[in-house]
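Trainee:
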Amino acid sequence: MLIGKRDFFNFLTGSLPNFDNVIVAEKEISSSVLYLKKIGKDAGKKIELNSFRSTNPLKYFLYHVREKVYPAEEKFPLNIIVGVKACDLKAVQILDKALLNENFTDPAYYQWRKNTYLVSADCDEITESCHCNLVDGKPFADEGYDLNLSSLDGYYEITVGSGKGKNLVDRMTKEFSIKDSSDEERKIIKEKREQVLKKLIEQNKDSSRKENYGRFRNVEMKNWEDESSNCVGCGACTNICPTCYCIILNDESKLKSEEFIKVRSYDSCQWFGYARVAGGGTPRSKMHQRFRNRYLCKFDYMPSNFAETGCTGCGRCIDACPAGIDFRKVVHNTSINAEQLI
Amino acid sequence: MQNPYEVIPSYLYEIIQESPLIRTLRLKPEKPLQFKTGQFIELSVPGIGEGPFTPSSSHYINDNLDVTVMKTGFVTGYIHTARAGDTLGIRGPFGSHYPLEKFKGKDVLILGGGCGLAPLRSLFLTMLTENKDYNSITFCAGAKTPKDCIYKDEVSEWRKYENVRFIRAVDAVPEGEEWDEDVCLVTKLLEKVQLHADGNPAVVCGPPVMMKFGTKDLLKFGYKEENIYLSMEKKMYCGFGQCRHCVMGKYYACKDGPVFTYDRIKNEEAIWE
Chain A
1 MLIGKRDFFN FLTGSLPNFD NVIVAEKEIS SSVLYLKKIG KDAGKKIELN
51 SFRSTNPLKY FLYHVREKVY PAEEKFPLNI IVGVKACDLK AVQILDKALL
101 NENFTDPAYY QWRKNTYLVS ADCDEITESC HCNLVDGKPF ADEGYDLNLS
151 SLDGYYEITV GSGKGKNLVD RMTKEFSIKD SSDEERKIIK EKREQVLKKL
201 IEQNKDSSRK ENYGRFRNVE MKNWEDESSN CVGCGACTNI CPTCYCIILN
251 DESKLKSEEF IKVRSYDSCQ WFGYARVAGG GTPRSKMHQR FRNRYLCKFD
301 YMPSNFAETG CTGCGRCIDA CPAGIDFRKV VHNTSINAEQ LI
Chain B
1 MQNPYEVIPS YLYEIIQESP LIRTLRLKPE KPLQFKTGQF IELSVPGIGE
51 GPFTPSSSHY INDNLDVTVM KTGFVTGYIH TARAGDTLGI RGPFGSHYPL
101 EKFKGKDVLI LGGGCGLAPL RSLFLTMLTE NKDYNSITFC AGAKTPKDCI
151 YKDEVSEWRK YENVRFIRAV DAVPEGEEWD EDVCLVTKLL EKVQLHADGN
201 PAVVCGPPVM MKFGTKDLLK FGYKEENIYL SMEKKMYCGF GQCRHCVMGK
251 YYACKDGPVF TYDRIKNEEA IWE
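As you go down the protein sequences, you meet chains A and B in turn.
Note that our numbering gives residue 47 to position 47 of the first sequence, counting from 1, and the numbers run on in steps of one.
Note that our numbering gives residue 68 to position 68 of the second sequence, counting from 1, and the numbers run on in steps of one.
1. Taking the straight line between their C-alpha atoms, what separation do you get for Pro-174 of chain B and Ile-15 of chain B?
2. What are the start and end residues of each continuous alpha helix (DSSP H) run of 4 or more residues lying completely inside the stretch 95-119 of chain A, in chain order?
3. Please determine, among B:Pro-46, B:Ala-169, B:Lys-220 and B:Gly-47, the residue with the shortest C-alpha to C-alpha distance to Gly-112 of chain B.
4. Taking CB distances under 8 angstroms as the criterion, tell me whether Ser-257 of chain A reaches chain B.
5. Measure the alpha-carbon distance for Asn-62 of chain B versus Glu-30 of chain B and round it to whole angstroms.
6. Can you tell me the Cα-Cα spacing of Leu-341 of chain A and Arg-215 of chain A, whole angstroms?
7. For Arg-165 of chain B, which beta-bridge partners are listed by DSSP?
8. Among residues of its own chain, excluding the 5 on either side of Gly-4 of chain A, which ones have a beta-carbon nearer than 7 angstroms to its beta-carbon?
9. Is the shortest distance between the beta-carbon of Lys-262 of chain A and the beta-carbons of chain B less than 8 angstroms?
10. Once DSSP output is grouped into helix, strand and coil, what is the label at Glu-177 of chain B?
11. List, in order along the chain, the chain A residues whose C-beta lies closer than 7 angstroms to that of Phe-240 of chain B?
12. Give a yes or no on whether the C-beta atoms belonging to Ser-56 of chain B and Arg-121 of chain B are separated by under 8 angstroms.
13. Taking the alpha carbon of Lys-188 of chain B as the reference point, which residue from B:Arg-165, B:Asp-217, B:His-196 and B:Pro-208 has its own alpha carbon closest?
14. Could you round the C-beta distance between Asp-142 of chain A and Lys-164 of chain A to whole angstroms and report it? I think they count as a contact, below 8 angstroms.
15. Give me the chain A residues within the contact set of Ala-270 of chain B, using Cβ-Cβ distance strictly less than 8 angstroms, ordered along the chain.
16. Would the beta-carbon of Leu-88 of chain B fall within 8 angstroms of that of Val-45 of chain B?
17. Going along the chain, which residues of its own chain have a beta-carbon closer than 6 angstroms to the beta-carbon of Met-236 of chain B, five neighbours each way excluded?
18. Let me know the secondary structure DSSP gives Pro-77 of chain A once reduced to three states.
19. Which chain B residues are close to Asn-276 of chain A, counting only those with a beta carbon under 8 angstroms from its beta carbon?
20. Using a C-beta to C-beta distance shorter than 7 angstroms, which residues of chain A count as neighbours of Ser-96 of chain B?
21. Spatial neighbours of Ile-240 of chain A within its chain, please: CB distance less than 7 angstroms, with the 5 preceding and 5 following residues excluded, ordered by chain position.
22. Report yes if the CB atom of Thr-54 of chain B is closer than 8 angstroms to the CB atom of Ala-278 of chain A, and no otherwise.
23. So, under 8 angstroms CB-CB, Gly-257 of chain B and Ser-19 of chain B are touching, yes? Tell me the CB distance rounded to an integer number of Å.
24. Could you work out which residue in B:Leu-12, B:Leu-21, B:Leu-43 and B:Ile-22 is closest to Lys-28 of chain B when comparing CA atoms only?
25. For Gly-4 of chain A, name the three-state secondary structure that DSSP assigns.
26. Going along chain B, which residues have a C-beta under 7 angstroms from Gly-37 of chain A?
27. Check whether the Cβ of Ile-48 of chain B lies closer than 8 angstroms to any Cβ atom in chain A.
28. Nearest by alpha-carbon distance to Cys-243 of chain B: which of A:Asn-223, A:Tyr-274 and A:Arg-186 is it?
29. Residue ranges of each beta strand (DSSP E) run of no fewer than 3 residues wholly in the stretch 27-59 of chain B, ordered along the chain?
30. Quick check on DSSP: helix, strand or coil for Tyr-266 of chain A?
31. For the structure I just gave you, are there three or more beta carbon pairs, one from the stretch 7-22 of chain A and one from the stretch 180-189 of chain A, closer than 8 angstroms?
32. Report yes if the C-beta distance between Cys-297 of chain A and Gly-313 of chain A is below 8 angstroms; otherwise report no.
33. Compare the beta carbon distance of Ile-167 of chain B and Leu-117 of chain B with 8 angstroms and say whether it is the shorter of the two.
34. Taking its Cβ as the centre, do 16 or more other Cβ atoms sit within 10 Å of Lys-192 of chain B, making it buried, or is it exposed?
35. Residues of chain B with a CB under 7 angstroms from the CB of Ser-268 of chain A: which are they?
36. Give the interface partners of Lys-250 of chain B over in chain A, defined as CB-CB distance under 7 angstroms, in chain order.
Have a look at this one:
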């Protein structure tokens, strides 16, 4: 079904759904990147939902950089995030498996997930670091959204993905005119999706060796020493990665207090102190060992734990790296070395 | 919804100085903690931080528990400054436990060194409650020097049981210290005791290097990989597989362990580091 773009934003910022925060992918003025940002009532002009993925990953809004977990917060705002990309939705599936399973539920993540509507949008553009096609991803979402938007001139084609999404559309229909899309219009969307996928495949044609991911563990250390030679171990890659969820748990109680406060914040396996135990021992004292751990986590450990590759191909780690390390190239080179092991 | 990060304030009612670096803290949690021997808890010092420790008391005692802590880093340094009357925090219990039901009727070997004796004392005391259920219990304990030996006051009590053997060794006896038991590496004690490897369990905990060579020796003596129980104490930070600090390949020491049989983890990397 189709809704006018202007109408859609009027609906979002209107009084009926009454969201506490409307968070939208927005292009920075005089910049080519997008950020997921909270918008006010007058927004709408700079919004480019169907461009490529935002610089900040979706996890920043569901699994905060720093968050009190004990005693747990009770009130959470009602949020809607619009312009989420397929790669980030895939990441949320991994976070769900890690943080909402039968053995463990992170209370804050649970609340943010419950109170946040996710509205995805097809990628009509790609950026240089995009490579979802290398990890079985696509530049549009098949699942994991409440609503999905495909851009069509002045309209959005809306696809409903959940009961939550359906309720939203029901409210929308009361206020705004919504019409059914024609076969012709759906065909245009399908073709656009295929074109973007083609562009992605062309962009990444030199780095496609996913059949070797499972063998990374056996690749010799020399490979990792070479690939990590420029790495400064800053941890920008893990901080911005949409599937990294390692944390430290700080005790922020007052000294000698009997009321305990626990706050979690992001940690990085790239940092020396990460796995160090009291007394100084650590299983990964060298940079190349920690560098390797990140790749094995994505391509070996996460697949064993969650039956999913831990990389969604968003390419943010490539953009964030101050040493200019291209994740794709590391994976590619490692794959070649892995192939020689057969 | 139960908050997995819940902290139970616990009253510290007694401190036992076991050795120059090791203390046993006796705590009374605000509500009883139902742990199973081998599981661990996170012990917090308010405003400072927390660390993983395996209780060293029997799991049949619910309303208080002992935690044996070696002063070796930041948090343990603060734990050693705690005084009787202070309140510390406990989260947990977490992780896997020793499968006592599999040990029943068997000749159980326990091998430990240094502060690794803490979880083994818990196992040992739990087993002593129903010692007749086990064919025999042999406990080989090691320490660096006589003054590093812990649980000194309890040893004579432990040696009273008919089917229980407790022997210990120190690596060296410095001048001025007295010792009339064995002087050797704890793994050497294995050669002294009558081992019944066939199908019987062996439980190992201690410094990584001791666990590594202890496991090798046990295999040499004919213990099966699946009967060697190792307490893999890594940096267990959260306790439920969220923070990933204790990852050992596809396993988490906190969730899948800390008690592992050797056959499960032998192919994972850096397990002894």
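C-beta: ideal position from N, C-alpha, C; glycine also.
Mentor: Here's the rundown:
1. The residue given as residue 174 of chain B occupies position 174 in the second sequence. The residue given as residue 15 of chain B occupies position 15 in the second sequence. The alpha-carbon atoms of Pro-174 of chain B and Ile-15 of chain B are separated by roughly 27 angstroms.
2. 107-114
3. For the purposes of this step, residue 112 of chain B is taken as the residue at position 112 of the second sequence. The shortest Cα separation from Gly-112 of chain B among B:Pro-46, B:Ala-169, B:Lys-220 and B:Gly-47 belongs to B:Ala-169.
4. For the purposes of this step, residue 257 of chain A is taken as the residue at position 257 of the first sequence. Under the 8 angstroms criterion on CB atoms, Ser-257 of chain A is classed as interfacial with respect to chain B.
5. Here residue 62 of chain B is taken as the residue at index 62 of the second sequence, counted from 1. Here residue 30 of chain B is taken as the residue at index 30 of the second sequence, counted from 1. Annotation: Asn-62 of chain B to Glu-30 of chain B spans about 11 angstroms, alpha carbon to alpha carbon.
6. Here the question's residue 341 of chain A lines up with position 341 in the first sequence. Here the question's residue 215 of chain A lines up with position 215 in the first sequence. Looking at the two C-alpha atoms, the distance is approximately 8 angstroms.
7. Within the second sequence, residue 165 of chain B is the residue found at index 165, counting from 1. Looking at the DSSP assignment, Arg-165 of chain B forms a beta bridge with B:Thr-138.
8. As a working mapping, residue 4 of chain A is identified with position 4 in the first sequence. A distance below 7 angstroms between beta-carbons, with the five flanking residues on each side excluded, links Gly-4 of chain A to the following residues of its chain, in chain order: Gly-154 and Tyr-155.
9. Walking along the first sequence from the start, residue 262 of chain A turns up at place 262. Chain B, which has a Cβ nearer than 8 angstroms to the Cβ of Lys-262 of chain A, makes this yes.
10. Counting from one through the second sequence, the residue named residue 177 of chain B turns up at place 177. Glu-177 of chain B: coil per DSSP, three-state reduction.
11. Locating residue 240 of chain B in the second sequence gives position 240, where the first residue counts as 1. By Cβ distance, chain A contributes Asn-103 and Phe-104.
12. Residue 56 of chain B sits at position 56 when you count from the first residue of the second sequence. Residue 121 of chain B sits at position 121 when you count from the first residue of the second sequence. Yes, these two residues count as a Cβ contact at 8 angstroms.
13. For the purposes of this step, residue 188 of chain B is taken as residue 188 along the second sequence, with counting starting at 1. The candidate whose alpha carbon is nearest that of Lys-188 of chain B is B:Asp-217.
14. Along the first sequence, read from residue 1 onward, the residue named residue 142 of chain A stands at position 142. Along the first sequence, read from residue 1 onward, the residue named residue 164 of chain A stands at position 164. No, Asp-142 of chain A and Lys-164 of chain A are not in contact; Cβ-Cβ is about 17 angstroms, not under 8 angstroms.
15. Indexing the second sequence from 1 puts residue 270 of chain B at position 270. Near Ala-270 of chain B (Cβ distances below 8 angstroms), the residues of chain A are Pro-283 and Arg-284.
16. Translated into positions along the second sequence, residue 88 of chain B becomes position 88. Translated into positions along the second sequence, residue 45 of chain B becomes position 45. Closer than 8 angstroms, so yes.
17. Position 236 of the second sequence holds residue 236 of chain B. Excluding positions up to five away in sequence, the list reads Pro-52, Cys-246, Ala-253 and Cys-254.
18. Mapped onto the first sequence, residue 77 of chain A falls at position 77. Per DSSP, reduced to three states, the secondary structure at Pro-77 of chain A is coil, with no helix or strand assignment.
19. The count along the first sequence starts at 1 and reaches residue 276 of chain A at position 276. Position check: residue 276 of chain A holds Arg in this sequence, whereas Asn was assumed. Neighbours of Arg-276 of chain A on chain B, chain order: Lys-235.
20. Reading the second sequence from its first residue, position 96 is the one you call residue 96 of chain B. Here the premise fails: no neighbours, minimum Cβ distance about 12 angstroms.
21. By 1-based counting over the first sequence, the position of residue 240 of chain A is 240. These residues qualify, in order along the chain: Pro-57, Arg-316, Cys-317 and Ala-320.
22. On the second sequence, residue 54 of chain B is found 54 positions in, with the first residue counted as 1. On the first sequence, residue 278 of chain A is found 278 positions in, with the first residue counted as 1. No, these two residues do not count as a Cβ contact at 8 angstroms.
23. Against the second sequence, residue 257 of chain B aligns to sequence position 257. Against the second sequence, residue 19 of chain B aligns to sequence position 19. The beta-carbon distance between Gly-257 of chain B and Ser-19 of chain B, rounded to whole angstroms, is 26 angstroms. This is too long to meet the 8 angstroms contact definition.
24. For this step, residue 28 of chain B is matched to residue 28 along the second sequence. The candidate whose alpha carbon is nearest that of Lys-28 of chain B is B:Leu-12.
25. Along the first sequence, read from residue 1 onward, the residue named residue 4 of chain A stands at position 4. Three-state result, Gly-4 of chain A: strand.
26. Here residue 37 of chain A refers to the residue found at position 37 when the first sequence is read from its first residue. Checking the displayed sequence, the identity of residue 37 of chain A turns out to be Lys instead of Gly. Here the premise fails: no neighbours, minimum Cβ distance about 28 angstroms.
27. As a position in the second sequence, residue 48 of chain B is number 48, starting the count at 1. Judged by the 8 angstroms Cβ criterion, Ile-48 of chain B is in contact with chain A.
28. Counting from 1 along the second sequence, the entry for residue 243 of chain B is found at position 243. Closest option to Cys-243 of chain B, Cα to Cα, is A:Tyr-274.
29. 40-45 and 49-53
30. Walking along the first sequence from the start, residue 266 of chain A turns up at place 266. Strand, per DSSP.
31. no
32. Here residue 297 of chain A refers to the residue found at position 297 of the first sequence. Here residue 313 of chain A refers to the residue found at position 313 of the first sequence. Taking 8 angstroms as the Cβ cut-off, Cys-297 of chain A and Gly-313 of chain A do not qualify as a contacting pair.
33. The sequence position of residue 167 of chain B within the second sequence is 167, counting from 1. The sequence position of residue 117 of chain B within the second sequence is 117, counting from 1. Contact flag unset, no.
34. Working through the second sequence from its first residue, we reach residue 192 of chain B at position 192. The residue in question, Lys-192 of chain B, is exposed, as its Cβ has fewer than 16 Cβ neighbours within 10 Å.
35. Here the question's residue 268 of chain A lines up with position 268 in the first sequence. Those within 7 angstroms of Ser-268 of chain A in chain B number zero; the least Cβ separation is about 11 angstroms.
36. Reading the second sequence from its first residue, position 250 is the one you call residue 250 of chain B. Tyr-301, Ser-304 and Asn-305, listed in chain order.
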